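Participant:
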Amino acid sequence: MARAQSPRRTLIFTLVGWTVGILMFFPIFWTTVAAFKTESDAYSLPQNFLTTPWTLENFAIVQERSDYVRYVINTTLLVTLSTALALVLAIPAAWSLAFAPRAESSSRLSGWAWIAIMLAAAGVSFVTLYVNDWKVDNFVLGVVLLLLVVAPATLWVWTRNTSGTLLWILSTKMMPPAGALIPIYLIFNRNGLVFRDWGWINLSDFNLMDSLWGMVPLVTLLNLPIFIWMLFTYFKEIPVAILEASRMDGASLWNEITRVLMPMALPGIASTCLLNIILAWNEAFWSLNLTNKYAAPLSFFISEYSSPEGQFWAKLSAASIMAIAPILIIGWFSQRQLVRGLTFGAVK
Amino acid sequence: MATGQAQKLAKWALMPSVAALSAWAFIPLALTFYFAFLRYNLQDPDNTGWAGFSNFYYFFKDPFFIKDLINTVLLVAGVIMATVVGGVLLALLLDQRFWGRGIVRLLVISPFFIMPTVSSLVWKNLILHPVFGLTAEIQRWFGFAQPFDWFGKLPLFSVGLIVAWQWLPYAALILLTALQSLDEEQKDAAAMDGANRFNYFRYIVLPHLSRPITVVILIETIFILNTFAEIKVTSVGGFAGNLTYLVFSQLNDANDVGMAAAGGLIAVVLANMVSALLVRLVGKNLET
Amino acid sequence: MKFTRFIVGALAASLATSVYAETTLNIATVNNGDMIRMQKLTDDFTAANPDIKLNWVTLEENDLRQKVTKDISTKGGQFDVLTIGMYETPIWGAKGWLVELNGLDDPADILPAVSGGLSANGKLYAAPFYGESSFVMYRKDLMEKAGLTMPDAPTWDFILDAATKMTDRANGVNGICLRGKAGWGENMAFIGSMANSFGARWFDENWKPQFDTAEWKDTLNTYLTIMKNAGPEGASGNGFSENLALFQTGKCGMWADATAAASFVIDPKASQVADQVGFTLAPDKGLGKRANWLWAWALAIPAGSQKVDAAQKFIGWATSKHYAELVASKEGWANVPPGTRTSLYANPEYQKVPFAKMTLDSMNAADPTQPTVQPVPYTGVQFVAIPEFQGIGTKVGELFSAALAGQMTADDALAQAQQYTTDIMTKAGYIK
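Going down the list, the sequences are from chains G, H and R.
Take 1 as the starting number for the first sequence in the numbering used here and just add one per residue.
Take 1001 as the starting number for the second sequence in the numbering used here and just add one per residue.
Take 2001 as the starting number for the third sequence in the numbering used here and just add one per residue.
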């Protein structure tokens, strides 16, 4: 910085800055304090903040009551696997959107025509359902009906122009999860919509409920829109000329991507992964509804302490600290990377 | 991109993500649509059939529907307003030089990493509890015998407070990054011209921040529109619920899949309206 | 070669284990003290049944109810043993969703009110793990200070008067703590049974909701008045757990709640007022009904489970007299799961427990088939055993909770409750 600052000014800003920082952090600090107090002392904070003894017993109780280590393992698996899967899906997509942008829709049909097709498909399925007395007992019928609704919409999105596709991708993130809960629940469930005895094939021994096989794709899809957007903004900053130059030199497309694009985009990919890790770590709605034990992550673990009997603040605080500490530390170490990514390319 | 082959490849490279996302978006949507016209109570699953529009009719008649709809919008708007204004102020503060600025930065960003369930539980119990909470203790210290009941008297505000606490760091740090990218020379030039602080802020800083503010609004809308954990954990669903909570309660308390699906569709319509609004806003300001 | 041998060995080992097939029981249970205690004592069961492995899924009450309901109604089969209550059991039993229990220890010994509430068509579908009614817990020292003596069977007038007199807000003492958190199993359990003592009912014989009656108005106004004058701040967020914490820390003069709370408030390790607690029956209004409910957490087996035999064995153990003795030997008689067996209350050791008699009297005073003064078409004391009740009870609870928080008036809350309940009952086809 060019200008010098008067010491008085620095002092004032130091005071104000620290006050604000401490205020923002205070709830976390306070939880930490309560976690190291006994149950009844936690209820009479702050008067006895210094006078009462500190204890580790809450952490032991929490570990004994609900096996913390298992939740950490589940969370770690869920977070890593879903981030890896998101990478595999998002890098090609973001590459495509950034380096092969489309100003116009690539399909010959207009938007209205697509809407007409989709409405017609919906109408056909509606009539079919009506004729069948609103029951779908046949596997083939179910698949046909779903394809009838889903396929035109997919094709339409796929052929839209780049900004249309991008905005659609982001809009999937706005879907209210509560509306999708029962369908997803029934898809995951044994004897639900998919995994049941269909006569010619019996799928009722399988299910995705309370399993990482279901949770990993689900969490991936939850965060995929943000993932693609962030990667897109990073890729966008890389001058196309460099890629073209490498192609002039005879590099194959594979080499162009792995040798030129990837190294340049690595910081961006890293910060995208970081954000994904944080979002996946803190995801609660779906894990609370679709897991019980075998795939239950830390957000499930903490819900066990939301309202047990009587005084529970110390145990709640200990469990909270255990659930947030790992991600908080990761966040602290990576915050500069992360913040740059979060700007979504709005800051050059 | 020049070559036709690469162009073609690029088109297909987009396919897996689009297919996955549209399966994720449209399959539940299609099923929700189906359920919305179905008589379907989980406690009585064999008794199904065509329900016509009765699910919608009774969802609209729910005593909380209008209020929850308004709450949804108020919560999003209020939190965004609070975090943008607070974020600008915080960013201006953190842009100054002072001792321990790096540590203060860490303290400020911390809430962003906290699970919503954890932060709601902590705020509800340790901080805002009207008997044992810290604020109650402070009020008693000032001589109020009956401390303020945050979640009873100002439920929506209290939920908003928790949500804003989690999102303020995000806004502040994005805006700070933007501020720091302001040209030093521009700053110096403004100082030379003797531009007063307000004008400098009004004509140089704010326009520079408009793009990052758009991003903040966009991202926060996406996440806050479906606020759930904060409302469920603080159990204010009855007087400060939002649409997401109403749908959830219809499903999990009343077990009425049909009505929950009807509510879900209404929420989808609302989300689409908001996203259409955002597209206009973003389209202008985020042209890439 | 080595690798092949390893594979063969591993295969053989896995075959061997499947010969001595362990049955793993997935047990969904609620996270309250008695259930957690059982999880610690299961060595006793697994020692006798080495082929059965127990896998606990512990959930908060509301989450448990939602998960179990979704699972059983979609035949998801995630659980082999369910923890359910008196509300679900008759409904699900009648639908054929539960397996009839036949491995129980002396079923005739179960309290008749409890086994009646857990049966459908005369068959027992869930075994009670513990039963509860509600009564009034009070602080003897504060009662004395207010110059009053608690009668054995108080009236509402006495409770109102005592609550006001005991209140000393400057010292953080509230005359009475009552549930205010919304939910059919939270505030409506209390307000519903209070309404019974006021002569109010949920529905008349034609399933017409009754919130527009004078009895309901009287109930709600009395509840709101007493909470305003003598209740703790933030009462609209207080459920069982929050009130327990308030009472244990000496913030309440009286607390009307579940009899199961008794062992927690007299536990000196958790309660600062342990030696000052008295118990008395829930109040009445001279109409012949007291404001107490009847509930039991019970264990059941979903139909279609592959492990019915093992589940029967486990439920038999968990609800046996032997288990009661096991708890008594490890943790004392006060911690034995209460309210399920006649023999427990005949046991002279258990009679020494201060709340034993009062619990039994309270449970006997509740009659699920005749819950209130006027005739009703439903069974259940603080609930109505129809599938639609869960939604109705929760919504009405939310309205009353909002009235308690001052977000709406009592009249508004009642009018909206009436409207909503009428809508839902019309939609479900009860009202033609």
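From the three backbone atoms N, C-alpha and C, an ideal C-beta is built for every residue, glycine too.
Keep in mind it's a predicted model, so treat the numbers as computed, not measured.
Residue 18 of chain G to residue 205 of chain G, Cα distance in whole Å?
Facilitator: Those two C-alpha atoms are separated by around 58 Å.
Participant: Given this structure, state the Cα-to-Cα distance separating residue 2011 of chain R from residue 2051 of chain R, to the nearest angstrom.
Facilitator: Summary for residue 2011 of chain R: the model assigns pLDDT 47, below 50, so the residue's position carries little reliability; its value from the coordinates is reported in the next sentence. Their Cα atoms are separated by approximately 21 Å.
Participant: So for residue 2173 of chain R, helix, strand or coil by DSSP?
Facilitator: Three-state result, residue 2173 of chain R: strand.
Participant: Could you tell me the boundaries of the beta strand (DSSP E) in which residue 2131 of chain R lies?
Facilitator: Here the beta strand (DSSP E) through residue 2131 of chain R covers 2127-2139.
Participant: Nearest CA to the CA of residue 2081 of chain R: which residue from R/2129, R/2178 and R/2387?
Facilitator: Of R/2129, R/2178 and R/2387, the residue nearest in Cα terms is R/2129.
Participant: By the DSSP assignment, the alpha helix (DSSP H) with residue 1076 of chain H in it spans what residues?
Facilitator: 1065-1094 is the span of the alpha helix (DSSP H), which, as asked, contains residue 1076 of chain H.
Participant: Report yes or no: do three or more beta-carbon pairs, one from the region 24-37 of chain G and one from the region 52-65 of chain G, lie closer than 8 Å?
Facilitator: As far as the Cβ criterion goes, the region 24-37 of chain G touches the region 52-65 of chain G, which means the pair count is three or higher.
Participant: Evaluate residue 1058 of chain H with the Cβ neighbour count: other Cβ atoms within 10 Å of its Cβ, from every protein chain shown; 16 or more gives buried, anything less gives exposed.
Facilitator: Looking at its Cβ environment, which holds 16 or more other Cβ atoms inside 10 Å, residue 1058 of chain H is buried.
Participant: Can you have a look at residue 1089 of chain H and say buried or exposed, based on whether 16 or more other CB atoms are within 10 angstroms of its CB?
Facilitator: Result: exposed.
Participant: Using the beta-carbon of each residue, which ones in chain H are nearer than 8 Å to residue 2406 of chain R?
Facilitator: The contacting residues are 1152 and 1153.
Participant: Would you report the Cα separation of residue 247 of chain G and residue 266 of chain G, rounded to the nearest angstrom?
Facilitator: Using only the alpha carbons, I get a separation of about 20 Å.
Participant: To the nearest angstrom, how far is it from the Cα of residue 1174 of chain H to the Cα of residue 1025 of chain H?
Facilitator: If you take the alpha carbons of residue 1174 of chain H and residue 1025 of chain H, they lie about 29 Å apart.
Participant: Taking beta-carbon pairs under 7 Å, can you tell me which members of the region 178-199 of chain G lie near chain R?
Facilitator: Listed by position, the residues of the region 178-199 of chain G near chain R (Cβ gap below 7 Å) are 185, 186, 189, 190, 191 and 192.
Participant: Name the one or two DSSP bridge partners that residue 2271 of chain R has.
Facilitator: BP columns for residue 2271 of chain R are empty, so no partner.
Participant: Residue 2249 of chain R versus chain G: which residues are under 9 Å apart at the beta carbon?
Facilitator: Neighbours of residue 2249 of chain R on chain G, chain order: 40, 43, 44 and 311.
Participant: Can you give me the C-alpha to C-alpha distance between residue 300 of chain G and residue 2063 of chain R, rounded to a whole angstrom?
Facilitator: Near 11 Å, if we compare the C-alpha coordinates of residue 2063 of chain R and residue 300 of chain G.
Participant: Where do the N-terminal and C-terminal ends of the beta strand (DSSP E) with residue 1045 of chain H fall, by residue?
Facilitator: Unbroken beta strand (DSSP E) run through residue 1045 of chain H: 1044-1050.
Participant: How is residue 55 of chain G classed by DSSP in three states: helix, strand or coil?
Facilitator: Three-state DSSP puts residue 55 of chain G in coil, outside helix and strand.
Participant: Could you pull the start and end residues of the alpha helix (DSSP H) that residue 2025 of chain R belongs to?
Facilitator: Taken as a continuous stretch (DSSP letters only), residue 2025 of chain R belongs to no alpha helix (DSSP H), being part of the beta strand (DSSP E) at 2023-2030.
Participant: Check whether the Cβ of residue 2391 of chain R lies closer than 8 Å to any Cβ atom in chain H.
Facilitator: For residue 2391 of chain R, the answer is yes, since a Cβ of chain H falls inside 8 Å of its Cβ.
Participant: Out of R/2083, R/2354 and R/2286, point me to the one whose CA is closest to residue 2067 of chain R's CA.
Facilitator: Of R/2083, R/2354 and R/2286, the residue nearest in Cα terms is R/2083.
Participant: DSSP on residue 2285 of chain R, reduced to helix/strand/coil?
Facilitator: Correct three-state label for residue 2285 of chain R: coil.
Participant: With H, G and I counted as helix, E and B as strand and the rest as coil, what does DSSP make of residue 2254 of chain R?
Facilitator: The answer is strand: DSSP assigns residue 2254 of chain R an E or B state.
Participant: Tell me which residues share the same chain as residue 1083 of chain H and place their Cβ nearer than 6 Å to its Cβ, disregarding the 5 neighbours each side in the sequence.
Facilitator: Cβ within range, chain order: 1164, 1167, 1168 and 1171.
Participant: Using the beta-carbon of each residue, which ones in chain R are nearer than 8 Å to residue 1096 of chain H?
Facilitator: Under the 8 Å cutoff, chain R gives no residues; its nearest Cβ is about 40 Å from residue 1096 of chain H.
Participant: Report all residues from its chain with a CB closer than 7 Å to the CB of residue 90 of chain G; omit the five preceding and five following residues, and keep chain order.
Facilitator: These residues qualify, in order along the chain: 224, 227, 228 and 231.
Participant: Closer than 6 Å by C-beta to residue 2369 of chain R: which residues in its own chain qualify, once you throw out the five before and the five after it? Chain order, please.
Facilitator: Cβ neighbours of residue 2369 of chain R beyond the five flanking positions: 2379.
Participant: Does the beta carbon of residue 114 of chain G sit closer than 8 Å to a beta carbon anywhere in chain H?
Facilitator: No, no contact with chain H.
Participant: Cβ closer than 9 Å: which chain H residues qualify as neighbours of residue 286 of chain G?
Facilitator: By Cβ distance, chain H contributes nothing, its closest Cβ being about 11 Å from residue 286 of chain G, past 9 Å.
Participant: According to DSSP, is residue 2053 of chain R helix, strand or coil?
Facilitator: Residue state, collapsed to three classes: strand.
Participant: Identify every residue that forms a DSSP beta bridge with residue 2341 of chain R.
Facilitator: Looking at the DSSP assignment, residue 2341 of chain R forms a beta bridge with R/2110.
Participant: What residues match up with residue 2068 of chain R in a beta bridge as DSSP calls it?
Facilitator: None; residue 2068 of chain R has no bridge partner.
Participant: Under 7 Å between beta-carbons, which chain R residues line up against residue 1235 of chain H? List them in chain order, please.
Facilitator: Those are 2181, 2182 and 2237, listed as they occur along chain R.
Participant: For a contact defined as C-beta to C-beta under 9 Å, what are the partners of residue 303 of chain G on chain R?
Facilitator: Correct list: 2059, 2060 and 2063.
Participant: Quick one, which residues of the region 2081-2099 of chain R are near chain H if we go by CB-CB under 9 Å, in chain order?
Facilitator: So the list reads 2088, 2091, 2092 and 2095, given in the order they occur along the chain.
Participant: Check the Cβ of residue 306 of chain G against every Cβ in chain R and list those closer than 8 Å, keeping chain order.
Facilitator: Under the 8 Å cutoff, chain R gives 2060.
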